[in-house]
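Peer 1: Sequence order for the protein chains is X and E. Residue numbering for the first sequence follows this note's numbering, starting at 1 and increasing by one per position. Residue numbering for the second sequence follows this note's numbering, starting at 141 and increasing by one per position. We put the beta carbon where it would ideally sit given N, CA and C, even for glycine. On a predicted model such as this, the values are computed, not experimentally measured, just so you know.
Number of protein chains: 2
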Amino acid sequence: MKSEIAEILKKNQLSVTGSRTAILEMFKKSNGALAHADIEKKSTEQFDRVTIYRTLQTFVEKGIIHTIPTTDNSVLYALCINNCTQNHHHDNHAHFICDVCDITFCLNHVTIPEVNLPEGFKKKRADIVLSGVCKNCSNK
Amino acid sequence: MKSEIAEILKKNQLSVTGSRTAILEMFKKSNGALAHADIEKKSTEQFDRVTIYRTLQTFVEKGIIHTIPTTDNSVLYALCINNCTQNHHHDNHAHFICDVCDITFCLNHVTIPEVNLPEGFKKKRADIVLSGVCKNCSNK
DNA sequence: TAATATCTTGCAACATTGTTGCAAATTATA
DNA sequence: TATAATTTGCAACAATGTTGCAAGATATTA
Ligand SMILES: [Mn+2]
Ligand SMILES: [Mn+2]
Ligand SMILES: [Zn+2]
Ligand SMILES: [Zn+2]
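1. At what residues does the beta strand (DSSP E) containing CYS238(E) begin and finish?
2. Using a threshold of 6 Å, is the CB atom of ALA78(X) nearer than that to any non-hydrogen atom of ligand 1?
3. Round the Cβ separation of HIS93(X) and ILE65(X) to the nearest angstrom and send it over; I've been treating them as touching at under 8 Å.
4. If you draw a straight line from the C-alpha of ASN213(E) to the C-alpha of LYS168(E), how long is it?
5. Compute the Euclidean distance between the alpha carbons of LEU164(E) and PHE96(X), then round it to the nearest angstrom.
6. Could you name the residues of chain E that VAL129(X) contacts, counting a contact when the two beta carbons are closer than 7 Å?
7. Buried or exposed, going by whether 16 or more other CB atoms sit within 10 Å of the CB of VAL75(X)?
8. DSSP state of ASN248(E), grouped into three classes?
9. Ligand 1 and CYS169(X): does any heavy atom of the ligand fall closer than 6 Å to the residue's C-beta?
10. Three or more C-beta pairs under 8 Å: does that hold for the stretch 30–47 of chain X against the stretch 75–85 of chain X?
11. Please list the partners that ASP212(E) has in chain X, where partner means a Cβ-to-Cβ separation under 8 Å.
12. Between the C-alpha atoms of LYS264(E) and ASN279(E), what's the straight-line distance to the nearest angstrom?
13. Is the beta carbon of ASN152(E) sitting closer than 7 Å to the one on ILE243(E)?
14. Could you tell me whether the Cβ of PHE167(E) comes closer than 7 Å to any Cβ of chain X?
15. Applying the criterion that 16 or more other CB atoms from any shown protein chain within 10 Å of the CB defines a buried residue, is CYS98(X) buried or exposed?
16. Between LYS262(E) and GLY132(X), is the Cβ-Cβ spacing less than 7 Å?
17. Using a Cβ cut-off of 8 Å, pull out every chain E residue sitting near ASN139(X), in sequence order please.
18. From what residue to what residue does the beta strand (DSSP E) around VAL133(X) run?
19. Please report the straight-line C-alpha distance between THR157(E) and ASP267(E), rounded to a whole angstrom.
20. Which residues bound the alpha helix (DSSP H) around HIS176(E)?
21. So for ILE205(E), helix, strand or coil by DSSP?
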């Protein structure tokens, strides 16, 4: 695990440091997406807030994690699975926010459907964010 | 115009006040969605920041405006057109953020396509946010 | 219209979140 | 191991968001 994470960092020309390893490990272990605040609170080790900001930014730039838009002045982050690369994300999956447990899931197998844009609009990127009740919360 | 706006407020059991009228007017006149910061900066009159927060919140609750998720710790707001009501939004359209002019458009005629969720997930709400180059910016 | 009740606003004080420059510490490289 | 390059934490600051409350504005009633 530890070395797998180091590999990911090296592959992206990033020095292998304590905070990067720990934060990436959190993503690997996490059930759902993480916000900056989650990392700050749930981490066992204590990292400077600035370090977390910079780490997330770096990971996004490198294509290690991707952002998920929200409606509440926060941004969620989750691991990329489709070997995204520097400045070239090609995740193409929907996200689901559970109103009950508040976990945000990557629905890696739900691809974003095509939409017919009006004449003249050129699409570069698409996000679809669904919300409701997740599988776990439905079953109880 | 003035009275049309007053009508909307009254219909929603809201007192007709200076700030509500002005802010609603900004939405009517605006080409695209507005963020809290836009209203604070672009308004000719000067409103307290708190008033703007509370006005936006009230308008969302009443179904006068709806939120649009973003990936940058902000929330955008735009007028509802489908006679949404208190706690019951039924807008169902896509949004488009132009990377060039930075305007966010309601694509009122682009409905959000159905997606097949995995077993157990129950959808309550869906948002689709596209980005790229808008019609205006494409034509120059 | 005037009196009163209700609702809205602005202010203050505070909390939380995000940004920048820089020196010290850490990591990679030679 | 020595050096170069990168990363971190801290400080100081800026921006954004929240709450209680008194004063002001609006709506309601008589
Ligand atoms: Mn995802
Ligand atoms: Mn819209
Ligand atoms: Zn759930
Ligand atoms: Zn544009």
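Peer 2: If we stick to the structure as given:
1. 233–238
2. yes
3. In fact, because the Cβ distance is near 14 Å, the residues do not count as touching under 8 Å.
4. 24 Å
5. 31 Å
6. PRO209 and ASP267
7. Buried: at least 16 other Cβ atoms inside 10 Å.
8. In the three-state scheme derived from DSSP, where H, G and I count as helix and E and B as strand, ASN248(E) is classed as strand.
9. No answer is possible for residue 169(X): it lies beyond the span of chain X, which begins at 1 and ends at 140.
10. yes
11. VAL75
12. 38 Å
13. In this structure, ASN152(E) sits away from ILE243(E), with a CB-CB distance that is not shorter than 7 Å.
14. no
15. buried
16. yes
17. Those within 8 Å of ASN139(X) in chain E are GLY260.
18. 122–133
19. 32 Å
20. Its alpha helix (DSSP H) spans residues 176–182.
21. Looking at ILE205(E) - three-state DSSP - the assignment turns out to be strand.
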